[in-house]
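Note that the sequence shown ends on residue 501 in our numbering; no numbers are left out.
Note that the Cβ used here is the ideal one computed from N, Cα and C, for glycine as well.
This structure is a prediction, so every number in the text was calculated from the model and none was measured.
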Amino acid sequence: MTPRVITSITAKRNVPLAGRSFGHWWLEVGEDESYGWWPSRLPLRFRDALRGVPGVLNGVGVTDDGTPTHDPNHGLPADYEFHPVLLESKTDDELRVGIRAFARDFADEWRWSTRPTMNCRLFQLALFDAVGLVDGTGNYFTRGTGCPALAPARRVAGRVTGTRHWPRNLPNPHPMECTDRPITLRRCAPRRAKQ
């Protein structure tokens, strides 16, 4: 099976902005179906964001626009939008059935944290993993670098150790996602010590 880009599916990712938004990731399947993971309480208190609250698919019962098959942000532009790549031998219909089943059966908390926790980011990545999708060449950078408040600490640690560290709540990139673009290559390949 040759990997193929699924043009009928669009992954959308908004980056977190300190003081304005925790960001949001969702997946649009065709024209009228989408899936994202939301906290069960809105507005979200800072304490709830760190401690966690129950999560809910598409903000059902929390937002006016969320339904079991429609994320409230459906159709809105995002900071990053791309079509994922399918690595498994499936038809488009089989892929849609898998996405629907994963979303329908998923249950977990929602937390915005530097620790491995469930939020809209990891929901999308877990969904990708469950159905055989990956970000695809050149799209790994859309995952961001983790919590913006910890960016200075990551830069200092990188300078001291000479390596880049991934946020602990995101898996390392799939080998297929590495390209010859300098920023991606640095993230995909470990730095070699100068001899």
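Runs of the alpha helix (DSSP H) lying entirely within the stretch 372-441 and spanning at least 4 residues, in chain order: 398-411 and 426-437. Here Glu387 is exposed, its C-beta having fewer than 16 other C-beta atoms within 10 Å. The secondary-structure analysis by DSSP pairs Asn320 across a beta bridge with His330. CA-CA distance, Leu392 to Val359, rounds to 32 Å. Taking a cut-off of 8 Å on C-beta distances, the stretch 398-407 does not touch the stretch 348-368, as fewer than three cross pairs fall below it. In this structure the stretch 428-444 does not touch the stretch 373-380; the number of beta carbon pairs closer than 8 Å is below three. A direct Cα-to-Cα measurement between Trp332 and Leu363 gives close to 10 Å. For Leu350, no alpha helix (DSSP H) segment is defined, and its DSSP state is neither H nor E. According to the DSSP assignment, Gly444 belongs to no beta strand (DSSP E), since it is labelled neither H nor E. Here Val462 is exposed: its Cβ has fewer than 16 other Cβ atoms, across all protein chains shown, within 10 Å.
When rounded, the separation of the alpha-carbon atoms in Lys396 and Val403 is 11 Å.
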